[in-house]
Every structure is written in C-alpha cells, then in structure tokens.
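The next block holds one structure in the form of structure tokens; read it before the comments.
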Amino acid sequence: MRKNIVAGNWKMNCTLPEGKKLTSEVIHMVEDEVKNDAHVVLIPPFTHLSSIHSLIGSSNKVLLGAQNCHQSKSGAFTGEISADMLASVGVTHVILGHSERREYFGESDELLAQKVKFVLDNDLTPIFCCGEKLEVRESGAHEKLVGDQVAKALFNLSPDEIKKVVIAYEPVWAIGTGVTASAGQAQEMHAFIRNQIAFKYDQSLAEEISILYGGSVKPDNAKEIFSQPDVDGGLIGGASLKSRDFTNIVKAFD
Ligand code: 13P
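Everything in the sequence shown is counted per this note's numbering, starting at 43 for the first residue and increasing by one.
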C-alpha cells in the first residue's frame, strides 16, 4: 500500500524563531486533531533543520525534509550541502528538481538523475518534482514534457530504487498563483505518470509509488484533489506557512 504524504515546502521563508513556532503549532495540531495516518513532512530551510529535528523528536508521524542537496559526498563546493550531512541531522526526505531550482538555478534532468541516485544511496527519500509551464499545457505537450522529465531523471534506477522515490507533480502555472489544477487535471497527469512507470517497470511497482500534487493546494480544495485515485497527497507551499491551514490540509485525508 502506498503512503499518503502531506509535505510543507517552506521555501525561503521563516526565520528560525518563526520556524520553531510554526513547527510546534503543527505538531500539536496534528497530534490533537488528525485521525488519518498520512505522513507529514516539514521542509524548512537548511539553517533550521537541526533545531526543528529536536522539536519533532521521535514522532513517526511528523518527519523532516530538505529542499535540495548536492550530488557529491563532500568536497570543494562552497555553499552546498550533501546528502549525508542531511541524514546526520535527522532528515528523511529531500525535494529534488523543484521548478524554482530548474528555473533559477538551471537544474537539468541529467543533473537531477545524479542527485536522485545520490540521495537514494544515502537512504533518504527523494521527492522528485516535475511539471509543465503554462505555454506547454496550452500547446497540449504537457504529458510529453512531464513524461520526459520523469524518464530522464528516474528511469535509470533499478526497480528497488525507484520504489523508494516519491514523485510530486507541480504544474508551474499553479505554483503560488492561486490557480490550482482541477482535480480532473491532477488525476489525469498522475495516472499518466503511473502508467509510464508501469510500462517501464511493472504495474505492481507503479502502484507502490506515492505521487503528490503541488500548486495552490489550500484547505478548501485539498479534499477534492486528494480524493482522486492516483493522488497520494500534496506538496504544499504558501499554505504550509500557516499552521491552521496546513493542519486542515492534512485533515483532508480523515
Ligand atoms: P504553493 O502551494 O504556494 O502554490 O506552492 C507549491 C509548491 O511549489 C510546493 O513545492
């Protein structure tokens, strides 16, 4: 059975005191109110990871993620962070290939293939992001583009490796815009991604992979999106910065 996951990508927001307050609020609300067994992953900036790990403690419901990592073990890469550094402060999940990293930091599918492999080799779970820009959707090439992103970054993995990857479909036109994909559009793309995996590997393996939707998920649209058969949760940006909204999104699985 694949896992339901709600992950909060804080991006470059929150000072450490603000992040600690947000984390404490989320932990309390999740413990008091949430009835489902979805994993909740908090993904703050690197500087906050260690402190936030202490707040999370040994919770097996609330987990810690990072927003990126480098593809080498160590060395002269000023300003970068490696996968084993992340593991050493309690990180379990790492976002890779977010559209903002692709757009502003030139990350290619080839680079992402290296990062995904490296993260898996360090026993961390990659949350691999894919998604098309508006002009691609309008031209009707969105499935081809997303299919290529997934194939180039993930299809060199062995069956045992790809099983451990979480995929996040985040249409770029829905990120931070308030315009979410309809539940039907999300389902259609998620089913397409799962079919591609089934075609390359096999159906039962494809059924094990969690595919999250990201892009303007809010408390009032989460239930409809998450109820789609191939949507296994969300990667949440803006709404993850408000404990009440984020918890209510997690409760959409109740
Ligand atoms: P928003 O939820 O703010 O649209 O951001 C989505 C996102 O980019 C999560 O990674």
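Glycine is no exception: its CB is placed at the ideal position from the N, C-alpha and C atoms. Here the structure is a predicted model, which means the values were calculated and not measured.
Separation of residue j from residue i, as counted between CA atoms
i: residue 282; j: residue 169; result: 16 Å
i: residue 171; j: residue 95; result: 24 Å
i: residue 287; j: residue 75; result: 13 Å
i: residue 139; j: residue 212; result: 11 Å
i: residue 73; j: residue 277; result: 20 Å
i: residue 268; j: residue 55; result: 26 Å
i: residue 226; j: residue 245; result: 22 Å
i: residue 189; j: residue 270; result: 20 Å
i: residue 161; j: residue 167; result: 7 Å
i: residue 182; j: residue 131; result: 43 Å
i: residue 186; j: residue 70; result: 42 Å
i: residue 230; j: residue 68; result: 31 Å
i: residue 228; j: residue 143; result: 22 Å
i: residue 61; j: residue 146; result: 24 Å
i: residue 129; j: residue 103; result: 18 Å
i: residue 115; j: residue 121; result: 14 Å
i: residue 127; j: residue 222; result: 35 Å
i: residue 66; j: residue 49; result: 16 Å
i: residue 125; j: residue 153; result: 15 Å
i: residue 51; j: residue 87; result: 9 Å
i: residue 101; j: residue 148; result: 36 Å
Assumed close pair residue i, residue j - CB separation to whole angstroms, cut-off 8 Å
i: residue 107; j: residue 85; result: 4 Å
i: residue 164; j: residue 137; result: Their Cβ separation, rounded to whole angstroms, is 15 Å, which puts residue 164 and residue 137 out of contact at 8 Å.
i: residue 274; j: residue 252; result: 4 Å
i: residue 285; j: residue 64; result: 6 Å
i: residue 207; j: residue 158; result: 7 Å
i: residue 218; j: residue 279; result: 6 Å
i: residue 173; j: residue 141; result: 6 Å
8 Å Cβ shell around residue i - same chain, five flanking residues per side excluded
i: residue 78; result: 46, 292, 293, 295 and 296
i: residue 248; result: 236, 237, 239 and 240
i: residue 155; result: 194, 195, 196 and 198
i: residue 105; result: 81, 82, 83, 84, 98, 134 and 135
i: residue 290; result: 261 and 264
i: residue 205; result: 247, 250 and 251
i: residue 243; result: 201 and 204
i: residue 58; result: 89, 90 and 93
i: residue 179; result: 213 and 215
i: residue 44; result: 249, 250, 251, 252 and 274
Cβ neighbours of residue i in the same chain (closer than 6 Å, five flanking residues each side left out)
i: residue 265; result: 294
i: residue 210; result: 169, 171, 254, 256 and 277
i: residue 184; result: 174 and 178
Residues bridged to residue i (per DSSP)
i: residue 51; result: 85
i: residue 128; result: For residue 128, which the question treats as bridged, DSSP gives no partner whatsoever.
i: residue 273; result: In the DSSP output, where bridge partners are listed per residue, residue 273 has none listed.
i: residue 278; result: 50
i: residue 108; result: 136
Neighbourhood of residue i by C-beta, 7 Å cutoff - its chain only, sequence neighbours within 5 removed
i: residue 233; result: 272
i: residue 151; result: 191, 194 and 195
i: residue 175; result: 214 and 215
i: residue 119; result: 112
Entirely enclosed alpha helix (DSSP H) segments - the region 226–257, minimum 4 residues
Correct list: 245–249.
Any chance you could list the beta strand (DSSP E) runs of at least 3 consecutive residues sitting entirely within the region 131–172, in chain order?
Qualifying beta strand (DSSP E) stretches, in chain order: 135–138 and 167–172.
Entirely enclosed beta strand (DSSP E) segments - the region 169–216, minimum 3 residues:
Taking only runs of at least 3 residues, the beta strand (DSSP E) segments lying wholly in the region 169–216 are 208–211.
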